[in-house]
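Numbers given in the working numbering equal positions in the sequence shown, counted from 1, plus 42.
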Amino acid sequence: MIKYLKIVLPLLVLISCSNEADTVTEEDAKQFLADIQESAETEGPVIYSASWISSNFITYDSQVVMADFSKRYTLKGLEDARIASTYDDLELDPKDRRALSIIKNGFVMPPPLDEELAGELSGITTELEAMYGTGSHCFSDNDCYDLEGFEAIIDNSRDPDELLKAWSGWREIGKPMKDKYLRMVDIGNQGAQDLGFEGLSDLWFSKYDMPVSEFSESVDRVYEDLKPLYEGLQCHVRAELNEFYGDEVVPNEGSIPAHVLGNMWAQSWANVYDLVYQEESTGKSIDLTKVINDRGLTEVEMVEIAEDFFLSLGFEPLEDTFWERSLFVKPVDRNVVCHASAWDINPKTQDLRIKMCIEKNAEDFVTIHHELGHIFYYQAYADQPSVFQSGANDGFHEAVGDLLSLSITPNYLEKIGFVTKEEADLAKDNSIAFLMKQALDGVVPTPWTLMLDKWRMAVFNGDLTEDEMNNYWWELREKYQGVKSPIERPADAFDPGAKYHIPGNTPYTRYYLARVLQYQFHESLCEDIGFEGPLHECSIYDNEIAGEKLRAMLSLGQSEPWQDALESIIGTRELSGTAMLNYYAPLKEWLDEKNRDRSCGW
Ligand SMILES: [Zn+2]
């Protein structure tokens with residue numbers, strides 16, 4: 043949950059490209075980067091202010107202003123990307139080379155040079171977004187649902203017929219997207235080639251500081267590491283759902299039908315927790331929501347407690363402007379975008395803000411820690427040039443927020459006086475309940491976050507015929523997630539369209555990276571501070587050693603390859619699933635016991 047407003051700022055000088063490519067010099071490149079920096083400093087904060095207003099005061103005028111800013115800066119960003127690519131053949135200082143390639147890589151669906159095609163692309167992307175945003179389906183005149191309506195059923199209902207109806211109903215919205223989506227990919231590939239990439243796949247995956255094939259191999263290797271844990275989880279959940287729903291709905295073998303997992307995309311199974319785990323009578327989980335309410339905490343006090351977490355690690359206190367300008371409480375008199383986000387309005391003055399309609403409950407308490415993870419990342423890299431003011435790769439920002447969430451342990455809650463030692467001990471006795479909850483929300487998404495871009499890559503590369511596209515989607519879901527479509531899909535189905543990030547063109551591998559990295563950071567920091575005991579009980583709260591390491595890594599921003607940033611904090615350069623396995627080791631042991639007489643796998 044971060045507002046990614048990567049706006050590449052305009053240049054005052056217009057350079058016409060292509061045929062001048064052989065005349066550019068290193069001096070030109072340096073001047074270009076200096077101009078980018080200057081615009082970022084002078085104009086960046088104004089754009090972010092406009093964007094802040096458009097999210098915090100949703101009115102006709104604020105939307106007009108923002109639409110105008112967006113359009114102009116998209117065009118300018120594209121121009122900058124093209125100028126950056128004219129320096130491709132120059133020998134440059136590595137930092138400058140890195141800065142230029144980041145500028146080139148600022149687009150997910152770049153318009154081609156051909157103006158007519160560029161206009162068509164812009165039309166299609168807007169249309170696809172709108173088709174998703176306004177998507178709804180009617181079974182009859184008085185029986186219509188939008189996503190919210192369908193999700194209310196999928197998340198809560200236990201009636202298989204109702205679930206199936208909602209599940210397939212929402213997938214109707216994908217069908218009309220197919221032709222538009224394919225046309226968009228065609229034009230986008232052209233745009234990527236105009237920027238000097240082989241195509242969209244190359245543009246999307248070449249930013250990971252390693253050859254695309256190597257990157258792809260390394261994420262696959264991590265999945266192989268995690269597979270035994272995921273398989274154990276899938277096996278147990280399948281067996282419990284089979285018991286609840288019977289063989290007709292959930293056979294006790296193979297992949298699990300996607301409509302009974304409590305989530306529209308079966309990407310988190312937290313909503314079926316009560317079906318798959320019965321809490322033991324020993325031990326008692328902490329009811330954090332109750333603690334927050336019993337203590338009469340205000341929304342601002344909840345944020346102050348989260349800030350204290352970071353101060354305990356040695357970060358600088360947030361400026362007064364953070365407290366004055368952030369949005370913490372849903373306003374009663376106007377419309378705002380409530381989706382939690384963290385904003386880097388002006389790095390120079392440390393004008394950082396969060397925007398969140400805080401509810402006084404455990405979930406939001408965790409989310410506040412997550413959002414402040416972004417905020418303190420901004421604080422740490424504020425001295426970097428604007429081009430490098432970003433996460434080491436696109437997974438890092440989310441991983442840092444989630445890293446802190448892992449430290450909200452019973453011991454931490456005891457330290458800040460939320461619970462007594464006795465209550466903390468009782469909670470620790472109930473670790474399987476805690477880990478099961480965490481896993482349904484934290485382990486379950488990993489194969490899903492991996493397969494989504496695998497499908498997209500195949501489409502970008504033109505590896506699939508139109509007829510194969512939907513089937514390949516389900517092939518991957520079965521292969522990676524052990525989840526299948528509950529019914530035969532019709533020939534005209536385009537089920538990927540029913541997930542926002544496909545029509546919305548949001549890269550998804552970042553969520554996979556974040557999931558994996560979060561545990562790697564956690565394990566390594568816990569080792570550094572000499573924590574002994576199960577990893578899920580470790581909190582880095584109040585530890586300067588952990589804080590120093592974390593700050594050093596965050597302060598690099600995007601100035602170094604992410605492997606260097608990773609090495610600076612955990613000592614190795616490799617993505618690995620081992621830390622996640624170690625974190626869930628007690629759960630894995632419990633699952634193995636439960637699954638002993640079951641036949642697992644799919
Ligand atoms: Zn976030």
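Every residue, glycine too, gets a C-beta built ideally from N, C-alpha and C.
heavy atom of ligand 1 below 7 Å from residue i C-beta
i: residue 520; result: no
i: residue 543; result: no
i: residue 405; result: no
i: residue 68; result: no
i: residue 443; result: yes
i: residue 440; result: yes
i: residue 412; result: yes
i: residue 381; result: no
i: residue 416; result: yes
Rounded separation between residue i and residue j - CA only
i: residue 38; j: residue 403; result: Nothing about residue 38 can be reported from this structure: the residues present for the chain run from 43 to 644 only.
i: residue 220; j: residue 73; result: 44 Å
i: residue 542; j: residue 222; result: 15 Å
i: residue 643; j: residue 636; result: 14 Å
i: residue 628; j: residue 489; result: 21 Å
i: residue 296; j: residue 454; result: 41 Å
i: residue 556; j: residue 439; result: 8 Å
i: residue 413; j: residue 313; result: 23 Å
i: residue 401; j: residue 371; result: 8 Å
i: residue 385; j: residue 82; result: 15 Å
i: residue 161; j: residue 188; result: 29 Å
i: residue 291; j: residue 378; result: 41 Å
i: residue 328; j: residue 480; result: 14 Å
i: residue 50; j: residue 254; result: Interpretation of residue 50 is limited by its pLDDT of 41, a score under 50 that renders its predicted location unreliable; no figure is taken from the coordinates.
i: residue 632; j: residue 474; result: 8 Å
i: residue 451; j: residue 609; result: 26 Å
i: residue 526; j: residue 298; result: 6 Å
i: residue 269; j: residue 235; result: 36 Å
i: residue 256; j: residue 120; result: 28 Å
i: residue 61; j: residue 238; result: In this prediction, residue 61 has a pLDDT of 44, which is less than 50 and means its spatial position is unreliable; what the coordinates show is noted afterwards. Whole-angstrom Cα-Cα distance: 14 Å.
i: residue 531; j: residue 139; result: 48 Å
i: residue 537; j: residue 194; result: 20 Å
i: residue 172; j: residue 164; result: 12 Å
i: residue 122; j: residue 153; result: 13 Å
i: residue 199; j: residue 352; result: 40 Å
i: residue 447; j: residue 457; result: 16 Å
i: residue 248; j: residue 563; result: 24 Å
i: residue 535; j: residue 501; result: 15 Å
i: residue 615; j: residue 604; result: 8 Å
i: residue 359; j: residue 422; result: 12 Å
Residue interval of the beta strand (DSSP E) (run including residue i)
i: residue 95; result: Here residue 95 belongs to no beta strand (DSSP E); instead the alpha helix (DSSP H) covers 68-98.
i: residue 186; result: 186-188
Delimiting residues of the alpha helix (DSSP H) encompassing residue i
i: residue 231; result: 220-236
i: residue 178; result: Taken as a continuous stretch (DSSP letters only), residue 178 belongs to no alpha helix (DSSP H), being part of the beta strand (DSSP E) at 178-180.
i: residue 384; result: Residue 384 -> not in any alpha helix (DSSP H); beta strand (DSSP E) instead, spanning 383-388.
i: residue 103; result: 102-127
i: residue 262; result: 254-287
i: residue 630; result: 627-636
i: residue 295; result: Here residue 295 belongs to no alpha helix (DSSP H), and DSSP marks it neither H nor E.
i: residue 589; result: 586-597
i: residue 320; result: Careful: residue 320 lies outside any alpha helix (DSSP H) and carries neither H nor E.
i: residue 373; result: Neither: residue 373 is in no alpha helix (DSSP H) and is coded neither H nor E.
Which listed residue (the options) has its alpha carbon closest to that of residue i
i: residue 395; options: 556, 368, 166; result: 368
i: residue 127; options: 115, 117, 112, 144; result: 144
i: residue 436; options: 549, 256, 217; result: 549
i: residue 136; options: 91, 251, 498; result: 251
i: residue 176; options: 467, 99, 546, 146; result: 546
i: residue 302; options: 326, 276, 327, 535; result: 276
i: residue 263; options: 625, 620, 101; result: 620
i: residue 16; options: 486, 503, 493; result: A query on residue 16 cannot be resolved here, the shown segment of the chain reaching from 43 to 644 and no further.
i: residue 539; options: 600, 109, 201, 216; result: 216
i: residue 597; options: 281, 431, 218; result: 431
i: residue 554; options: 261, 462, 469; result: 261
i: residue 113; options: 200, 89, 592, 613; result: 89
i: residue 203; options: 233, 533, 287; result: 287
i: residue 233; options: 374, 170, 426, 155; result: 155
Chain B contact for residue i (CB, 8 Å cutoff)
i: residue 600; result: In the structure shown, chain B does not exist; there is a single protein chain.
Ordered list of beta strand (DSSP E) runs contained in the region 468-534, each at least 3 residues: none
Segments of 4+ residues assigned as alpha helix (DSSP H) that fall wholly inside the region 142-214: 157-175, 189-198, 202-213
In chain order, each alpha helix (DSSP H) run of at least 4 residues that lies wholly inside the region 393-444: 404-422
4 or more residues per run - each alpha helix (DSSP H) lying fully within the region 541-592: 551-570
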